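Working notes, beginning with the structure itself.
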Amino acid sequence: MRTAIFGCGAMGTILGAYMNKNGHETILIDNYAQHVKALNEKGAQVIGSAELTVPVKAITPDQMEGKYDLVFLLTKQTSNKEVLPRLLPFLKADSIVCTLQNGVPEPSVAEIIGKERTVGGAVMWGATFVEPGVSQLTQDISKQESLFEIGEMDGVIGDRIKKVAKALENMGPVIITDNLMGARWLKVMFNSCWSGMSAALGCTFGEIIDNPKASACMSYIAHEAVAICTALGYTMPLFWGQDMTDMGKIDTEEGFAKSQKIFYDIVSKMRPAKASMLQDLEKGKVTEVGMINGYICDEGRNAGIPTPFCDTVVRVVRGIEAGEIPLSMDNLKYFDA
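Dropping the structure here:
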């Protein structure tokens, strides 16, 4: 099975390292030429919660040739309209494109790639890009029950999604779900909480939970996500054997305290991590906030449910992108109202 990872930032690099290390030859595709050069010359280097360096083959998109049987899509969703048409000539009728992007990208990917070639899933671990060729794994994946939760858009569990799972198992445990949209809502809630706040405040995940007000904002963001997900008829799956909708059940002091403990237990395992959105802001790039917190805002409007905390994250991050707001913990003031 000829396999590629399209979009090799931190997560793509680490996934590619593990897949190649464990015998599944995988080509890494990225438009950052210096990164591609480093990968070819020095291998994919993983630091942090794991230490490994793996020889890999990396190319830029203009060097693609032939047809790919399986492509893992890890570019930013903001690039999909440019990336996906470029990928089409290198796909067969029965090729599989598995989007592991943030947000809920499957419908928009399927519009270009075709629903018959599109599957998706959530990545249940974190990473930070350090420098060309080097990425940091920010949590101990050896202790996780699953690293990926993948599925078909229609919930069918057949041979195709099992092939994708087998490839990903070169990194670690995979759950195949018949509830892909529920899994996507779980991940978009996670990302909106700690990644949204990390980007809005210009801080690490650890700094969020060390600040009572910033940590509280995560519970309120989760409250918005859970209310909308429920209204739309989706059910978030368990994570670590726990009902994560408890993150958003904050109508009582006991509920709020439980929510905060869940956040602390999860985020404390990723203290040094910075959201990929924050890394984009630090580089002067446009972020995926519209596909993460903004997705919750959009679906909230459709469901008639207010989303003041996600609205504020989007407003602050857009202000940072425009150079109107600095990257600072002082941005907590925008959440006062």
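Going by the numbering used here, the sequence shown opens with residue 1364, and the numbers climb by one from there. From the three backbone atoms N, C-alpha and C, an ideal C-beta is built for every residue, glycine too. Bear in mind the structure is a predicted one, so any value in this text is a computation, not a measurement.
DSSP on residue 1457, reduced to helix/strand/coil?
-> strand
Closest by CA to residue 1456, which one among 1478, 1441 and 1576?
-> 1478
Which residue or residues does DSSP assign as beta-bridge partners of residue 1369?
-> 1392 and 1436
Can the beta-carbon of residue 1653 be found closer than 8 Å to that of residue 1677?
-> yes
In terms of residues, what are the limits of the alpha helix (DSSP H) holding residue 1472?
-> 1469–1476
Are residue 1409 and residue 1383 touching if we call contact CB-CB under 8 Å?
-> no
Inter-residue Cα distance where the pair is residue 1482 and residue 1598 | 19 Å
Sorted by chain position, which residues of the same chain lie with C-beta nearer than 8 Å to residue 1618's C-beta, five sequence neighbours on each side aside?
-> 1609 and 1612
Give the straight-line distance between the Cα atoms of residue 1696 and residue 1601, rounded to the nearest whole angstrom.
-> 34 Å
Please name the residue or residues paired with residue 1500 in a DSSP beta bridge.
-> 1411 and 1490
Same chain, Cβ closer than 6 Å to residue 1427, five either side skipped, listed in chain order = 1453
Assigned exposure category for residue 1644 - 16 Cβ within 10 Å defines buried = buried
Are there three or more Cβ pairs, one per stretch, closer than 8 Å when the region 1370–1383 is compared with the region 1484–1502?
-> yes
Residue from 1565, 1568, 1484 and 1502 with nearest C-alpha to residue 1545 = 1484
Stretch-stretch touch, CB-based, cutoff 8 Å, three pairs: the region 1516–1525 with the region 1564–1583 | no
Length of the line joining the Cα atoms of residue 1528 and residue 1589 = 28 Å
List the endpoints of the continuous beta strand (DSSP E) containing residue 1649.
-> That residue, residue 1649, is in no beta strand (DSSP E); it is neither H nor E in DSSP.
Using the C-alpha atoms, what's the distance from residue 1636 back to residue 1398?
-> 20 Å
Could you spell out the range, first to last residue, of the alpha helix (DSSP H) harbouring residue 1569?
-> 1568–1572
Beta bridge counterpart(s) of residue 1688 as assigned by DSSP | Note: residue 1688 sits in no beta bridge, so no partner.
Span of the beta strand (DSSP E), counted from its first residue to its last, around residue 1511 = 1511–1514
Using the rule of at least 16 other Cβ atoms within 10 Å of the residue's Cβ for burial, across every protein chain shown, is residue 1585 buried or exposed?
-> buried
Compute the distance between the beta-carbons of residue 1514 and residue 1524, then report whether it is under 8 Å.
-> yes
Tell me the DSSP bridge mates of residue 1416?
-> 1408
Nearest-angstrom Cα separation, counted from residue 1405 out to residue 1422 = 14 Å
Is residue 1480 buried or exposed, if buried means 16 or more other CB atoms sit within 10 Å of its CB?
-> buried
Between which two residues does the beta strand (DSSP E) carrying residue 1537 extend?
-> 1537–1539
Would residue 1476 pass as a contact of residue 1433 if the rule is Cβ separation under 8 Å?
-> no
Give the straight-line distance between the Cα atoms of residue 1540 and residue 1623, rounded to the nearest whole angstrom.
-> 27 Å
For residue 1430, count neighbouring C-beta atoms within 10 Å of its own C-beta (all shown protein chains included) and say buried if the count is 16 or more, exposed if not.
-> exposed
Between which two residues does the alpha helix (DSSP H) carrying residue 1530 extend?
-> 1522–1531
What did DSSP end up calling residue 1375 once you bin it into helix, strand or coil?
-> helix
Grab the span of the alpha helix (DSSP H) containing residue 1660 for me, first residue to last.
-> 1656–1666
So who's on the other strand from residue 1482, going by DSSP bridges?
-> 1461
Which one of 1411, 1487 and 1685 has the shortest CA to CA distance from residue 1531?
-> 1487
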